[in-house]
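>
Number of protein chains: 2
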Amino acid sequence: MRLVIARCSVDYTGRLNAHLPEATRLLMHKGDGSLLVHSDGGSYKPLNWMSPPCSFSVEELDDDDTAAGVVERWRVVHKKSGDALTVRIFELIHDSAHDLGVDPGLQKDGVEADLQRLLAEQIGLVEDGAQLVRREYPTAIGPVDHMVRDINGNHIAIEVKRKANIDAVEQLTRYLELLNRDPVLAPVRGILAAQSIAPQARTLAVDRGIEVLLLDYDAMKGVDSGAPTLF
Amino acid sequence: MRLVIARCSVDYTGRLNAHLPEATRLLMHKGDGSLLVHSDGGSYKPLNWMSPPCSFSVEELDDDDTAAGVVERWRVVHKKSGDALTVRIFELIHDSAHDLGVDPGLQKDGVEADLQRLLAEQIGLVEDGAQLVRREYPTAIGPVDHMVRDINGNHIAIEVKRKANIDAVEQLTRYLELLNRDPVLAPVRGILAAQSIAPQARTLAVDRGIEVLLLDYDAMKGVDSGAPTLF
DNA sequence: GTCTCTATCTCGGAC
DNA sequence: GTCCGAGGTAGAGAC
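Order-wise, the sequence lines are chains A and B.
According to the working numbering, the first sequence is numbered sequentially starting from 497.
According to the working numbering, the second sequence is numbered sequentially starting from 497.
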């Protein structure tokens, strides 16, 4: 990995055109050829970048660049899309290279998958007598998170989200439309189960006859850990 | 911005839990306290990170860490969510700090950059006798889009926007305040050049003695293409 | 390869 | 502030 601190301007042309005026920034040039341009603030997203696979080259300076005070010009071109990043360096402040080796990678645990698993284990939270048919119930347009039968034997399709928004309602609507065409399954009710739901999403859901179930993650996790049953 | 190359392990607890086993990585510690952990590959997304606003501290080592060979332990805690990142450093390979200043930010969408270039080429649109001193005229708080001299030799600072709003007026005001402190430049007039300007921005600009220039992008582009000069 | 969905999404704009 | 929609979305998983 090569780290360069430089006063530079950057131009991107691809899906859109974008320009970074002259300023001092970090240029992170990774081993796979990719380039990240970071300022001293903002979030983890670089100001500009080029993703691998891409080719990196140092170009000849033309008269305009020389006149403008450019001391080096980089060009990074994406190998598939042709998107290009041009970096004009006016002053090189720091330049170092480091051998980092291959990273073992991030070990994650616990997100939406957790919520899904917990609800499957505590399917009674949906309503009395609810029974899980299967998780990730397959349909032609993708799997429904949970397929459940209520106490009367009628089907319920459940979509689990951490935060439910309009998209979640639309997604569940599509599933329900498809599932209700199957005479073996119909009628299928829909339940949107989430830790939180956006007001407009709730309105839309209610309007479409989709029920909303708020999930208390911590409580569900407590049940899972067995803690509440200690006494 | 502080750049550290170190053999380290990283733990995140927050929305989820995540762990990075010991390996050599780049730790980018930004001026706003945020921390990015990058490997020498992958995309622009760090392996792990903490977004601002957050607090950074170096912690006392406990016996376990010392026994494991930890030489330094960092803790970065998000000020609102409480999400926390713990970095255990086993070996410090590189450590450097750099003053980058405030970044002028990305100009997306190409149109604004286009406008800037076109106005530089057709600087006479500003007023009769106007002459371009330079584009991206540098100041301590970032570059002014265009520095121009009027027919009497007085300076004009021009800020170019696609849509000018209050922020644009504030930005130009800051530049003018700074530039007018320089006896070599003063007095510096200010012109806000835009395709459109919000009513409140226009009012504020006029109130501050900043002139407003409406730009006709299509007309300027037409001149640029050379079409009108063919006959 | 394709499609589909998630994300510690990030980021901007509108209200 | 909150909510909503777009992103050069990226990345993972299923098929």
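Even glycine gets a Cβ: it sits at the ideal position worked out from N, Cα and C.
#1: To the nearest angstrom, how far is it from the Cα of Glu-528 (chain A) to the Cα of Arg-630 (chain B)?
#2: How many whole angstroms separate the CB atoms of Leu-557 (chain B) and Arg-571 (chain B), which I take to be in contact at a CB cut-off of 8 Å?
#3: What's the call for Gln-603 (chain A), buried or exposed, on a 16-neighbour Cβ count within 10 Å?
#4: Let me know the secondary structure DSSP gives Gly-705 (chain A) once reduced to three states.
#5: What's the call for Asp-559 (chain A), buried or exposed, on a 16-neighbour Cβ count within 10 Å?
#6: Using beta-carbon positions only, say whether Leu-499 (chain A) and Leu-531 (chain A) come within less than 8 Å of one another.
#7: Considering only their Cβ atoms, is the gap separating His-651 (chain A) from Leu-681 (chain A) smaller than 8 Å?
#8: How should Pro-542 (chain B) be labelled, buried or exposed, when 16 other C-beta atoms within 10 angstroms of its C-beta is the threshold for buried?
#9: At 3 residues or longer, and completely inside the stretch 606–671 of chain A: list those beta strand (DSSP E) runs for me, N to C.
#10: What residue from B:Gly-705, B:Val-566, B:Lys-575, B:Leu-711 has the CA that sits closest to Pro-548 (chain B)'s CA?
#11: Would you call the stretch 514–521 of chain B and the stretch 643–658 of chain A touching, i.e. three or more CB-CB distances under 8 Å?
#12: Where does Met-716 (chain A) sit, in a helix, a strand or coil, going by DSSP?
#13: What three-state label does DSSP hand Leu-700 (chain B) in the structure shown?
#14: Pull the bridge partners of Gly-686 (chain A) from the DSSP assignment, please.
#15: Measure the alpha-carbon distance for Arg-698 (chain A) versus Pro-634 (chain A) and round it to whole angstroms.
#16: Which residues does DSSP pair with Asn-513 (chain A) in a beta bridge?
#17: Is the CB of His-642 (chain B) under 8 Å away from at least one CB in chain A?
#18: Specify whether the stretch 574–592 of chain B and the stretch 503–513 of chain B touch according to this definition: at least 3 beta carbon pairs, one from each stretch, less than 8 Å apart.
#19: Using the rule of at least 16 other Cβ atoms within 10 Å of the residue's Cβ for burial, across every protein chain shown, is Ala-701 (chain B) buried or exposed?
#20: Using a C-beta to C-beta distance shorter than 8 Å, which residues of chain A count as neighbours of Pro-639 (chain B)?
According to the structure shown:
#1: Looking at the sequence provided, one finds Asp at residue 528 (chain A) rather than Glu. Asp-528 (chain A) and Arg-630 (chain B): Cα-Cα distance of roughly 37 Å.
#2: So it is not a contact: roughly 12 Å between Cβ atoms.
#3: exposed
#4: coil
#5: exposed
#6: no
#7: yes
#8: buried
#9: 627–633, 640–645, 651–660
#10: B:Lys-575
#11: no
#12: helix
#13: helix
#14: A:Ala-653
#15: 25 Å
#16: A:Thr-509
#17: no
#18: yes
#19: buried
#20: Pro-517, Glu-518, Ala-519
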